[in-house]
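Student: My structure is below; once you've seen it, I'll send some questions.
Protein chains: 2
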Amino acid sequence: MARTREFDEELALEKAMLLFWERGYESASLSELLKATELSRSSFYEAFGTKRDLLLATLARYVNSDMCGLAEPLFRERASRPEIEAFVGNMIAHGLCEHGQRGCFVNNCMAELAPHDEEVLAAVRMARQGLERCLVEVIGRGQKDGSVPNRGSALALARFIGSSVAGLNLMAKSRPGKAVLEDIARVTLSVLDNTSN
Amino acid sequence: MARTREFDEELALEKAMLLFWERGYESASLSELLKATELSRSSFYEAFGTKRDLLLATLARYVNSDMCGLAEPLFRERASRPEIEAFVGNMIAHGLCEHGQRGCFVNNCMAELAPHDEEVLAAVRMARQGLERCLVEVIGRGQKDGSVPNRGSALALARFIGSSVAGLNLMAKSRPGKAVLEDIARVTLSVLDNTSN
DNA sequence: CAGATTCTGGACCGATCAGTCCAGAATAAT
DNA sequence: ATTATTCTGGACTGATCGGTCCAGAATCTG
């Protein structure tokens, strides 16, 4: 009775996300968005609504897939110290790769939009807390199995790791080189071995 | 022989910086800039050139004054462990204050512009390295006077502290509350006590 | 005073912005 | 073939963008 949808909405969403991720929200213009998604103006608005609607959609998509890409080790069954190391290792690798200057999409939105957009703020907080909760669990497991000698508050450690990794991601935007990122990562991880408090 | 300049260029520069700082580069429009600086369109262009010229000028200004505001303890004579603590304490206080969501202007520029603007990238790198060098010196002094028991590479520790503080500043944009920021700061500083490596 | 400079305010520019709308082509199910 | 839906492309809007320019008022020095 009706024509079937021809374009892959999911794919278009991903293309749009990549553009927002790479260039930020403000500087990604609608015409660039159209080119990237290969959608006509009409189809674009029909599918996604306003530019900001789309941003929120891409943010949700990122949290539910891409973020879990680099953070994937943390979400494994019985993840412990080795998975934290893998997580941080992924961040270094990402910071050194061709598109490393993109950083983390959530952090980008936090920097650019969260201070002036309540909805983005809420989404970004959710993402941050999701990672934090996951880290608490993994660190707690590491403390139990002995791979995390530091007996301090798992929550505080999780908050620290989350923040420090965000810092590492941000630093990567200035392309400081492998040595710098590795220094940061190594010292960050050394906290897990600290038994002095 | 000629009329004297009536407006305070330095003051206007500061007002412009505050706007860029608060709202980012792209979303700070020229008309807002004019309102903030209280300059006529003509005087504005005469004094500062293009919007991007002004951005670079404000960035330079920030590095030479405001950044050294919060980081001021580090630049004191014979700064050591207590000054590092004061530095981090300043960051927490700033993150909790009314304008804490502004974060660090250098980091904001790093996030928004550095990936796509070579000049901003260069300026931001300079700023980062300046802080890094300062931290190396202070940490080294702390290692000598015993206030920093960690005997690891002062350079690596400096890079770590710089990155972690950047992370803390970024986190503050989501207004996570005092407890979170203090957790991050406390664990970060605990690294200086770590003697296990 | 005269002459030099700075300031203001607004006209003006072309470009682009995000977003709306529609006519018509394409494609489906009945 | 009919009908319903989707798609395309472009026309169009009003607003705003960053930036240029100029005429005239204001303010200084000599």
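So the sequences go chain by chain: L and V. All letters in the first sequence, in the order written, are residues 0 to 196 by numbering that gives the first Met the number 0. All letters in the second sequence, in the order written, are residues 0 to 196 by numbering that gives the first Met the number 0. Don't be surprised by glycine CBs; every beta carbon is placed ideally from N, CA and C.
(1) Please state whether DSSP places D198 (chain V) in a helix, a strand or coil.
(2) Residues of chain L with CB closer than 7 Å to the CB of F159 (chain V), please, in chain order.
(3) Determine, using beta carbons only, whether T36 (chain V) and K50 (chain V) come nearer to each other than 8 Å.
(4) Whose C-alpha, out of L:M125, L:D7 and L:S64, is nearest the C-alpha of F47 (chain L)?
(5) Work out the CA separation of R158 (chain V) and K143 (chain V) for me, nearest whole Å.
(6) Is DSSP giving K14 (chain V) helix, strand or coil here?
(7) Let me know the secondary structure DSSP gives A155 (chain L) once reduced to three states.
(8) Given that N193 (chain V) touches chain L, what residues does it touch there, using C-beta distances under 8 Å?
(9) So with CB distances below 9 Å, who are the chain L contacts of R22 (chain V)?
(10) I need the straight-line Cα distance from R80 (chain V) to E71 (chain V), nearest angstrom please.
(11) If you draw a straight line from the alpha carbon of P148 (chain L) to that of L191 (chain V), how long is it in whole angstroms?
(12) Would G166 (chain V) be called buried (16 or more neighbouring beta carbons within 10 Å of its own) or exposed?
(13) Flag E111 (chain L) as yes if its beta-carbon sits less than 8 Å from any beta-carbon of chain V, otherwise no.
(14) Give a yes or no on whether the C-beta atoms belonging to C103 (chain V) and N193 (chain V) are separated by under 8 Å.
(15) Just to confirm the assignment, what range does the alpha helix (DSSP H) spanning R185 (chain V) have?
(16) CB A118 (chain L) to CB A110 (chain V), shorter than 8 Å?
(17) Label H93 (chain L) either buried or exposed according to how many other C-beta atoms from any shown protein chain fall within 10 Å of its C-beta, with 16 as the threshold for buried.
(18) Using only CA atoms, which one of L:L120, L:A155, L:C96 and L:V62 lies nearest to V137 (chain L)?
(19) I'd like the span of the alpha helix (DSSP H) that includes S28 (chain V), first residue to last.
(20) So, with DSSP's three-state summary, where would you put T36 (chain L)?
(21) Between which residues of its own chain and S146 (chain V) is the CB-CB distance below 6 Å, once the five residues before and five after are set aside?
(22) Does any CB atom of chain L fall closer than 8 Å to the CB of L167 (chain V)?
(23) Measure the Cβ-Cβ separation of E82 (chain L) and L69 (chain L) and say whether it is below 8 Å.
(24) Starting from the beta carbon of S146 (chain L), find every residue of chain V whose beta carbon is closer than 7 Å, and list them in chain order.
(25) Quick one: which unbroken alpha helix (DSSP H) runs of 4-plus residues sit fully inside the segment 96-142 of chain L? Chain order, please.
(26) Taking the straight line between their C-alpha atoms, what separation do you get for L17 (chain V) and R75 (chain L)?
(27) Taking the beta carbon of K177 (chain V) as the centre, do at least 16 other beta carbons fall within 10 Å, making it buried, or is it exposed?
(28) Excluding five sequence neighbours on each side, which residues of the same chain lie with their C-beta closer than 7 Å to the C-beta of G161 (chain V)?
(29) Which residues in the same chain as S163 (chain V) place their Cβ atom closer than 7 Å to its Cβ, once the five residues preceding and following it in sequence are excluded?
(30) When the Cα of M170 (chain V) is compared with those of L:G139, L:K172, L:A184 and L:V123, which residue comes out closest?
(31) Near C108 (chain V), which residues of its chain fall below 7 Å by C-beta distance, leaving aside the five closest residues on each side in sequence?
(32) Please state the DSSP three-state secondary structure of P148 (chain V).
(33) Which residues of chain V have a Cβ atom closer than 7 Å to the Cβ of K172 (chain L), listed in chain order?
(34) Is any beta-carbon of chain L found at less than 8 Å from that of R124 (chain V)?
(35) Note the first and the last residue of the continuous alpha helix (DSSP H) segment covering D52 (chain L).
Tutor: Inspection of the coordinates gives the following:
(1) Because chain V in this structure spans residues 0 to 196, residue 198 (chain V) falls outside the shown range and cannot be described.
(2) D182, I183, V186 and T187
(3) no
(4) L:D7
(5) 19 Å
(6) helix
(7) helix
(8) S189, V190, D192, N193 and S195
(9) P114 and H115
(10) 14 Å
(11) 17 Å
(12) buried
(13) yes
(14) no
(15) K177 to S189
(16) The question names Ala, but residue 118 (chain L) is Glu in the sequence shown. Against a cut-off of 8 Å, the Cβ pair of A110 (chain V) and E118 (chain L) comes out as no contact.
(17) buried
(18) L:A155
(19) It is not in any alpha helix (DSSP H) - S28 (chain V) carries neither H nor E in the DSSP assignment.
(20) helix
(21) S79 and R80
(22) yes
(23) no
(24) Chain V residues near S146 (chain L): none, gap ~14 Å exceeds 7 Å.
(25) 104-111
(26) 44 Å
(27) exposed
(28) R127, L130, E131 and L134
(29) T187
(30) L:V123
(31) L58, V119 and V123
(32) coil
(33) M109, A110, A113 and P114
(34) yes
(35) K50 to R60
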